[in-house]
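Chemist: Just passing along the structure, written as structure tokens.
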């Protein structure tokens with residue numbers, strides 16, 4: 020029996036839907052492969068971590084997003100001048116470090132937990148991109164862990180890292196801000212365009228590369244950044260009060 024026009028239409032639609040799903044799956048696989056390859060090609064391949072002195076920083080992750088955890092005040096930089104403690108709800112805590120990261124505006128502001136992340140937001144960010152936003156969280160006496168890995172920089176390398184971050188901030192002050200996830204974090208309008216190529220983790224990788232640290236050439240995924248940071252063998256003076264970290268809250272509600 021010959022198929023009716025309606026049946027032929029359904030078969031044709033199913034055929035093209037199958038190809039679309041296969042094409043999407045292939046695109047995802049190719050992206051992940053490219054991310055693995057790109058993050059495996061080093062920048063600053065001859066860098067060696069100092070054994071002592073300098074400044075101890077941290078590279079933090081929640082499995083999806085990465086951030087740089089820096090001393091709040093050093094002779095090279097007082098981050099309170101760019102990110103005043105008065106901008107957070109609890110400025111009176113004994114903060115010692117600041118977590119600095121960059122990401123997509125809607126993902127930051129509209130997804131306090133991963134359960135709030137909408138497929139439509141992901142699709143829009145991957146296909147059209149979005150505006151950049153900085154997330155700043157203050158920590159008190161953080162300690163090293165699997166999610167917060169210490170890296171020691173020389174004084175010159177830390178100065179270069181500071182300069183690289185400062186170059187990403189707008190010159191006008193005060194920066195426009197948005198409330199954070201908790202009492203000790205805040206978001207700032209800093210500009211930049213977030214895309215599937217220029218991701219939050221690429222931002223972290225670029226800042227480390229500017230400092231002279233050995234890091235992958237293209238690090239769109241958190242794993243591509245963290246594989247260059249050695250896991251701490253012992254607790255180190257550098258994980259933070261997770262309750263005040265927005266990115267951490269998404270993983271540890």
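Residue numbers (our numbering): 20 to 272.
Ideal Cβ placement from N, Cα and C applies to all residues, glycine included.
Are residue 211 and residue 129 close, meaning C-beta to C-beta below 9 Å?
Modeler: For residue 211 and residue 129, no; Cβs fall outside 9 Å.
Chemist: If you draw a straight line from the alpha carbon of residue 67 to that of residue 169, how long is it in whole angstroms?
Modeler: In a straight line, the C-alpha of residue 67 is about 14 Å away from that of residue 169.
Chemist: With a threshold of 9 Å between beta carbons, is residue 229 in contact with chain B?
Modeler: Of the chains in the structure shown, none is chain B; there is only one protein chain.
Chemist: Let me make sure I understand the geometry here. Which of 174, 216 and 217 has the alpha-carbon closest to that of residue 76?
Modeler: The residue with the shortest Cα to Cα distance from residue 76 is 174.
Chemist: Using the rule of at least 16 other Cβ atoms within 10 Å of the residue's Cβ for burial, across every protein chain shown, is residue 184 buried or exposed?
Modeler: It is buried - the Cβ of residue 184 has at least 16 other Cβ atoms within 10 Å.
Chemist: What residue from 24, 224 and 208 has the CA that sits closest to residue 63's CA?
Modeler: Answer by Cα proximity: 224.
Chemist: Under 8 Å Cβ to Cβ from residue 191, same chain only, skipping five residues before and after it: list those, please.
Modeler: Cβ within range, chain order: n/a, list empty.
Chemist: Between which two residues does the beta strand (DSSP E) holding residue 90 run?
Modeler: It spans 85-90 - the beta strand (DSSP E) in which residue 90 sits, taken as one unbroken run.
Chemist: Assuming contact is defined by CB atoms lying nearer than 9 Å, are residue 58 and residue 238 in contact in what I supplied?
Modeler: Yes, they are a contact pair.
Chemist: Evaluate residue 80 with the Cβ neighbour count: other Cβ atoms within 10 Å of its Cβ, from every protein chain shown; 16 or more gives buried, anything less gives exposed.
Modeler: Classification for residue 80: buried.
Chemist: Consult DSSP for residue 185 and reduce its assignment to one of helix, strand or coil.
Modeler: Here residue 185 sits in helix by DSSP.
Chemist: Which of the three DSSP states, helix, strand or coil, is assigned to residue 29?
Modeler: In this structure, residue 29 counts as helix in the three-state DSSP scheme.
Chemist: Return the CA-CA distance between residue 264 and residue 147, expressed in angstroms with no decimal places.
Modeler: Per-residue confidence for residue 264 stands at a pLDDT of 38, beneath the threshold of 50, marking its modelled position as unreliable; no derived number is given.
Chemist: Near residue 125, which residues of its chain fall below 7 Å by C-beta distance, leaving aside the five closest residues on each side in sequence?
Modeler: Counting only Cβ-Cβ distances below 7 Å, and skipping sequence neighbours, we find 140 and 149.
Chemist: Could you give the residue range of the alpha helix (DSSP H) that holds residue 125?
Modeler: Residue 125 -> alpha helix (DSSP H) spans 124-129.
Chemist: From the DSSP output, read off the bridge partner residues of residue 149.
Modeler: Looking at the DSSP assignment, residue 149 forms a beta bridge with 213.
Chemist: Could you check if residue 65 is buried or exposed, using at least 16 other CB atoms within 10 Å of its CB as the buried criterion?
Modeler: Burial call: exposed.
Chemist: Leaving out five residues before and five after residue 31 in sequence, what residues of the same chain have Cβ atoms less than 6 Å from its Cβ?
Modeler: Excluding positions up to five away in sequence, the list is empty.
Chemist: Residue 61 bridges to which residues according to DSSP?
Modeler: Answer is 235.
Chemist: Who are the near neighbours of residue 123 in its chain, counting only those whose CB is closer than 6 Å to its CB and skipping five residues on each side?
Modeler: Within the same chain, residue 123 has close Cβ partners 144, 149 and 213.
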